[in-house]
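Asker:
Residue numbers (my numbering): 32 to 1048.
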């Protein structure tokens, strides 16, 4: 049929010569022998895929649980399964085929197929039994894993599109062109098609004996895998000959079966089945190296290759960096993100030497913080209206790895890295946050740590300030050829700014240690990161009444004198970066974080009297006055109801997993593509043991009441998750498209000693997003985007508690004018369900702790702006100027009554608490060759403590204006001196009414420090 259709210039004798060739005879012999083997063992292999699928479904049901069936039609699920199976089958065949060529052990068997000197459709069956078994197992595993995953996820809703019982896509490709792949019929597709699908001609090139064709066109149907590897090849004419130069067998069945084993006798070959991606792909390893080099020269001069598919320059892995900088920049270092994303650089971090991350984030638009202790030990950060309590509604990361103690089971950030160690802070909002889940409503924050230096480097920073505040920060790094190491330590302590009635400590001590060891290979690098952190702080949740705040803002009541927080944290992360070609990058991290914390503090009165209501009331009378006097130590406890409950919350957190992402860059005709695929398999858990001891206030001192210790909570919450994301950066000159999707599969369970254990609940969530960036010129961009926002439900919540979901929209302009930058963004977050979570930090007590509440439909919208410039007065003198401005608005769309303290009685149109209408910051400085002067002004408008209407509620947090300044003098090349001051006007104001009572802003603080560092260029 080939000859009738294609009418090649072959004669009948030529065709018969091919059929009579010894190579063709071996094809027939191998076909018959394969069929005999199939009869003997094929039945077992046939069912092996279903065996894998069955065991996989049972394992997933047991470990994760039965998921809620997604609301998707059976037809759509079937199409999705069929397409996914086809792509995965093709990819798996590509990988196995690649291994067959590059692993010497496997090449010995694959030679049987490549030794064919003439090609016929029967050459497809010219496969050694060992290779046939490998491909059979590959098919069983791929089919079994995918069938198991899809059946587990969709249950009875999936099937495969088939034709006569054969997968439809594979059937169509095989019928149309399958037999022509192994033939002398030369059929090419248009080149644009060959960029995506391999033609029969391209596979015939793969069988060519010409050295210039070695290592080309490994794929079966899809060409994208060869494009990614740089092995895709086009040719205008057929090869002159087929086969290998020195086959390890003869053209007979016994030789083809047994000679490959004989060729493996040398021990070195048996011990070295190594996949060497660093080497040039070689289809015939017996060729002389010189001929291989000549083939490369010939290829470079005569091949018509795919644009961007081959390496344009030698990879230099020794410069591969582990710094996880996730904001994308163009070649001119301008932002290339279709959404709002900001970075606080190392230079900006060192400008004021802030030790409080909340102060660092004041310059970032859209980010709101709620001060609690004045030092930022446990920051409360919210983005675009997301509740700021313990930063639990944003994705917190360090070097791209989730850093919260238990990001899913207990996301409250009782740990946050010391800002003095950070070399950058990235903030993602809008569609840019989809890649960094699970919390995509507000956004994500990534803290970047120091990378291993390229040469011997060190820095020592020693500083001291008011109220016995001391800081020490030292790091040193060295590199020896391929190995490098970094050691870093930081310590911060203060005696505190509050005065405890009756005397006592109110300060803290905190230490963090980190080490990094890095090993660089030819095209990959490994890094081991280890960390340890410790804190002891005499902190409490108890604030002040409004009158006491006015009279003595830094007072602490004697009833809080047992406040003590102590925790230890360990961190271990193993990272692997791999760059097989210039356009493929893979980054994989395995991580384990452990945190053991114990916080002793005043929980409340034994009879349940609310501390928050007591301290926030303007006028007290009757028993309320008595309780207030007891808090202050002015009266003694006379009844058991007046006893003070001192509670210790002991919690142990584990967070561990492995995450990987791969990026593939492709440069086509008129477009570029950067595809990112990521996966994270994660688990975390928290053990909570909360106890209380009753104390009496006697003669202004707390004395144990003699009661037995009570256990209020003994629970174990676990979360197991699988997260997948896909992000595409597709550029057509001035137009950039950013489609993305994220899948979160979360299983949560909580066991409680004093409550019924809830069954594990699996919640699958699909989070799509799309954004567009338009280049309006060389210096201005317009971007618009939409994405699905999400915050997961914590383990142990009632089934009626819904995840926090929304549709988030944004649009903005971004301009870069030389050394000036400006950005204006408008956003609108349409919450289908706002979720509130009770915590001690938010003022909750007792059984309400860790409970989540539905908040219904809410709108949050606003406008963000940021600008920066640098006026050059002379080559050595400049005036940097920058600022940010944020307008926020919010409105509940329904009326309801909630047990959540920050919601309460909500009316339609009420505003969210702790969301200021206006935030702004302004920075101005003066830089010379040796002197740097900087000052900043930050403003925040008034806020609500509970949902309501600003200006109409009794309890509000007034506006706040803070002035900071810093100076840095370069004494010598190695020594510099700096002075920084915060709250220079010594403003005294309320920053929060949470957890219990008014919390003051930290007073004026001045620090002076000396830096010793390596020579600067």
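Just so it is clear, CB atoms sit at the ideal spot from N, CA and C, and this is done for glycine as well.
List in chain order: all unbroken beta strand (DSSP E) runs of 3+ residues lying wholly within the segment 448-500.
Answerer: Segments of the beta strand (DSSP E) lying fully in the segment 448-500: 455-459, 475-479 and 488-496.
Asker: With H, G and I counted as helix, E and B as strand and the rest as coil, what does DSSP make of residue 749?
Answerer: Residue 749 falls in the strand class under three-state DSSP.
Asker: Could you check what DSSP says for residue 56 in three-state terms: helix, strand or coil?
Answerer: Note: residue 56 maps to helix in three-state DSSP.
Asker: In three-state DSSP terms, what is residue 406?
Answerer: Three-state result, residue 406: coil.
Asker: Taking its Cβ as the centre, do 16 or more other Cβ atoms sit within 10 Å of residue 175, making it buried, or is it exposed?
Answerer: Buried.
Asker: What separation, rounded to the nearest whole angstrom, lies between the Cα atoms of residue 148 and residue 53?
Answerer: Whole-angstrom Cα-Cα distance: 9 Å.
Asker: Can you tell me where the alpha helix (DSSP H) with residue 109 in it begins and where it stops?
Answerer: Run containing residue 109: 105-133, per the alpha helix (DSSP H) assignment.
Asker: Can you list, in chain order, the residues of its chain with a C-beta nearer than 7 Å to that of residue 972? Leave out the 5 residues immediately preceding and following it.
Answerer: So the list reads 947, 948, 949 and 990, once near-sequence residues are dropped.
Asker: Once DSSP output is grouped into helix, strand and coil, what is the label at residue 840?
Answerer: Residue 840: strand per DSSP, three-state reduction.
Asker: For residue 388, which residues of its own chain have a beta-carbon under 7 Å away from its beta-carbon, when the five flanking residues on both sides are left out?
Answerer: Cβ neighbours of residue 388 beyond the five flanking positions: 407, 410, 447 and 450.
Asker: Under the DSSP definition of a beta bridge, which residues are partnered with residue 795?
Answerer: Paired residue(s): 776.
Asker: Tell me, which residues are paired with residue 604 by DSSP?
Answerer: Paired residues: 560 and 622.
Asker: Quick one: residues in its chain with C-beta nearer than 7 Å to the C-beta of residue 711, no 5 flanking neighbours on either side, listed in chain order?
Answerer: Result list for residue 711: 688, 690 and 754, in chain order.
Asker: Of the choices 858, 977 and 956, whose alpha-carbon is the least far from that of residue 918?
Answerer: Answer by Cα proximity: 858.
Asker: When burial is assigned at 16 or more other CB atoms within 10 Å of the CB, is residue 238 buried or exposed?
Answerer: Buried, since its Cβ has 16 or more Cβ neighbours within 10 Å.
Asker: Helix, strand or coil, according to DSSP, for residue 531 in the structure here?
Answerer: Correct three-state label for residue 531: strand.
Asker: Does the Cβ of residue 645 have 16 or more other Cβ atoms within 10 Å, making it buried, or fewer, making it exposed?
Answerer: Its Cβ being crowded by 16 or more others within 10 Å, residue 645 is buried.
Asker: Are the beta-carbon atoms belonging to residue 838 and residue 855 less than 9 Å from one another?
Answerer: Going by C-beta atoms, residue 838 is not nearer than 9 Å to residue 855.
Asker: Considering only residues of the segment 133-186, which uninterrupted alpha helix (DSSP H) runs meet the minimum length of 4 residues and lie entirely inside it, listed in chain order?
Answerer: Fully enclosed alpha helix (DSSP H) runs of 4 or longer: 135-145 and 160-185.
Asker: Would you kindly report the start and end of the unbroken alpha helix (DSSP H) that includes residue 377?
Answerer: Per DSSP, residue 377 belongs to the alpha helix (DSSP H) from 377-383.
Asker: Who does residue 955 pair with in a DSSP beta bridge?
Answerer: Answer by DSSP bridge pairing, in chain order: 912 and 966.
Asker: Which residues in the same chain as residue 1011 place their Cβ atom closer than 6 Å to its Cβ, once the five residues preceding and following it in sequence are excluded?
Answerer: So the qualifying residues of the chain are 383, 384, 997 and 1038.
Asker: Are the segment 497-510 and the segment 520-527 in contact at 8 Å, needing three or more beta carbon pairs?
Answerer: Yes: the two stretches touch, three or more of their Cβ pairs being nearer than 8 Å.
Asker: Going by other Cβ atoms of all chains shown within 10 Å of its Cβ, with 16 needed for buried, is residue 829 buried or exposed?
Answerer: The residue in question, residue 829, is exposed, as its Cβ has fewer than 16 Cβ neighbours within 10 Å.
Asker: In chain order, which continuous runs of the alpha helix (DSSP H) of length 4 or greater are located wholly inside the segment 209-268?
Answerer: Runs found: 222-225, 231-237 and 255-260.
Asker: From residue 83 to residue 183, what does the alpha carbon distance come to, in whole angstroms?
Answerer: Using only the alpha carbons, I get a separation of about 13 Å.
Asker: Looking only at its chain, what residues have a beta carbon closer than 8 Å to the beta carbon of residue 676, apart from the 5 residues adjacent to it on each side?
Answerer: Counting only Cβ-Cβ distances below 8 Å, and skipping sequence neighbours, we find 633, 634, 635, 636, 637, 723, 724, 725 and 726.
Asker: In the DSSP assignment, find the unbroken beta strand (DSSP E) run with residue 892 in it and report its ends.
Answerer: Unbroken beta strand (DSSP E) run through residue 892: 889-905.
Asker: So is residue 1032 buried or exposed if we call it buried at 16+ other beta carbons inside 10 Å?
Answerer: The residue in question, residue 1032, is buried, as its Cβ has 16 or more Cβ neighbours within 10 Å.
Asker: Give every residue of the same chain whose Cβ lies closer than 6 Å to the Cβ of residue 596, excluding the five residues on either side of it in the sequence, and list them in chain order.
Answerer: So the qualifying residues of the chain are 568, 570 and 630.
Asker: Measure the alpha-carbon distance for residue 625 versus residue 93 and round it to whole angstroms.
Answerer: Answer to the nearest angstrom: the Cα atoms are 26 Å apart.
Asker: Can you tell which of 261, 490, 905 and 668 has its C-alpha closest to the C-alpha of residue 1044?
Answerer: Among 261, 490, 905 and 668, the Cα nearest to that of residue 1044 is on 490.
Asker: Applying the 10 Å Cβ sphere with the 16-neighbour rule, what's the burial state of residue 582?
Answerer: Classification of residue 582: exposed, given that the 10 Å Cβ count is below 16.
Asker: If we count the other Cβ atoms within 10 Å of its Cβ and call it buried at 16 or more, is residue 785 buried or exposed?
Answerer: With fewer than 16 other Cβ atoms within 10 Å, it is exposed.
Asker: Return the CA-CA distance between residue 416 and residue 890, expressed in angstroms with no decimal places.
Answerer: Going by the C-alpha atoms only, they are around 10 Å apart.
Asker: Please name the residue, chosen from 432, 413, 431 and 433, that lies closest to residue 424 on a Cα-to-Cα basis.
Answerer: Nearest C-alpha to residue 424: 413.
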